[in-house]
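What follows is one structure encoded as structure tokens, with my remarks underneath.
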Amino acid sequence: MNTETINWNQIHDLAKEAMKKAYAPYSKFPVGVAALVSDGRLISGCNVENASYGLGLCAECSLVSALVTSGGGRLVAIVCVDGAGNFLAPCGRCRQLLFEHGGNDALLMTPDGPQTMAAMLPWAFGPDDLL
Ligand code: THU
Numbered sequence: 000m001n002t003e004t005i006n007w008n009q010i011h012d013l014a015k016e017a018m019k020k021a022y023a024p025y026s027k028f029p030v031g032v033a034a035l036v037s038d039g040r041l042i043s044g045c046n047v048e049n050a051s052y053g054l055g056l057c058a059e060c061s062l063v064s065a066l067v068t069s070g071g072g073r074l075v076a077i078v079c080v081d082g083a084g085n086f087l088a089p090c091g092r093c094r095q096l097l098f099e100h101g102g103n104d105a106l107l108m109t110p111d112g113p114q115t116m117a118a119m120l121p122w123a124f125g126p127d128d129l130l
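With numbering that gives the first Met the number 0 applied, the sequence shown covers 0 to 130.
Structure representation (structure tokens):
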């Protein structure tokens with residue numbers, strides 16, 4: 000896929016829409032995430048918390064589930080947002096989740112522009128290490 004032609008505004012808008020669906024009554028910190036998949040599909044996710052606080056699911060967990068259940072493929076371009084719609088840096092665990100399904104070349108939007116997963120999660124442990 001030609002990454003020059005990524006419609007970042009469209010992915011950002013979808014992330015903001017997903018954020019509005021977040022279930023975050025405990026932290027009151029809604030998160031939305033959206034991604035362009037290698038076959039052109041757009042997918043999204045939001046955080047889903049739990050009364051047993053430690054069981055809450057990050058938005059990226061929801062995104063990865065949507066990726067797999069809607070047919071798989073590779074994550075190409077990802078936008079994660081906070082409740083104000085601003086770009087949010089995924090937590091460490093979620094960078095690992097995104098890396099699994101996008102690898103080093105997946106792009107993640109930041110306030111400094113798109114960054115590679117290789118930059119966001121350097122020296123990542125991943126599927127290749129198990130070979
Ligand atoms: N959260 C995410 O959904 N993704 C992240 O990358 C960072 C944190 C959620 C978890 C929790 O529901 C809320 O944000 C506050 O930490």
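Ideal Cβ placement from N, Cα and C applies to all residues, glycine included.
For residue 1 and residue 47, the rounded distance between their alpha carbons: Counting from 1 along the sequence shown, the entry for residue 47 is found at position 48. Counting from 1 along the sequence shown, the entry for residue 1 is found at position 2. Answer to the nearest angstrom: the Cα atoms are 33 Å apart.
Closest by C-alpha distance to residue 25, when choosing among 100, 53, 73 and 107: Walking along the sequence shown from the start, residue 25 turns up at place 26. With distances taken between Cα atoms, residue 25 lies closest to 53.
Proximity below 9 Å, CB of residue 29 to CB of residue 82: For the purposes of this step, residue 29 is taken as residue 30 along the sequence shown, with counting starting at 1. For the purposes of this step, residue 82 is taken as residue 83 along the sequence shown, with counting starting at 1. Against a cut-off of 9 Å, the Cβ pair of residue 82 and residue 29 comes out as a contact.
Neighbour-count burial assignment, residue 107, 16 or more Cβ in a 10 Å radius: By one-based count along the sequence shown, residue 107 stands at place 108. Classification for residue 107: buried.
Residue 71 CB to nearest heavy atom of the ligand THU below 8 Å: Here the question's residue 71 lines up with position 72 in the sequence shown. No; taking the cut-off as 8 Å, the Cβ of residue 71 has no heavy atom of the ligand THU nearer than that.
Buried or exposed (CB count within 10 angstroms, at least 16 for buried), residue 98: Indexing the sequence shown from 1 puts residue 98 at position 99. Label assigned to residue 98: buried.
Contact test: residue 59 Cβ vs the ligand THU heavy atom, cutoff 8 Å: As a working note, residue 59 is residue 60 in the sequence shown. Yes, Cβ of residue 59 sits closer than 8 Å to a heavy atom of the ligand THU.
Paired residues, beta bridge with residue 22 - DSSP: Here residue 22 refers to the residue found at position 23 when the sequence shown is read from its first residue. Note: residue 22 sits in a beta bridge opposite 47.
Euclidean distance between Cα positions of residue 77 and residue 18: Position 78 of the sequence shown, counted from the start, is the residue given in the question as residue 77. Position 19 of the sequence shown, counted from the start, is the residue given in the question as residue 18. Spanning the two alpha carbons is a distance of roughly 14 Å.
4 or more residues per run - each alpha helix (DSSP H) lying fully within the stretch 68-123: 91-101 and 116-119
Reduced DSSP category for residue 5 - H, G, I as helix; E, B as strand; rest coil: Numbered from 1 along the sequence shown, position 6 holds the residue referred to as residue 5. Coil at residue 5, not helix or strand.
Closer than 8 Å: residue 89 CB and nearest the ligand THU heavy atom: Position 90 of the sequence shown, counting from 1, holds the residue named residue 89. Indeed, a heavy atom of the ligand THU lies less than 8 Å from the Cβ.
Candidates 27, 70 and 125, of which the one nearest residue 95 by Cα: Walking along the sequence shown from the start, residue 95 turns up at place 96. Ranking the options by Cα distance to residue 95, first place goes to 125.
Under the three-state DSSP convention, the category residue 62 falls into: Taking the sequence shown and counting its residues from 1, the one referred to as residue 62 is at position 63. Helix.
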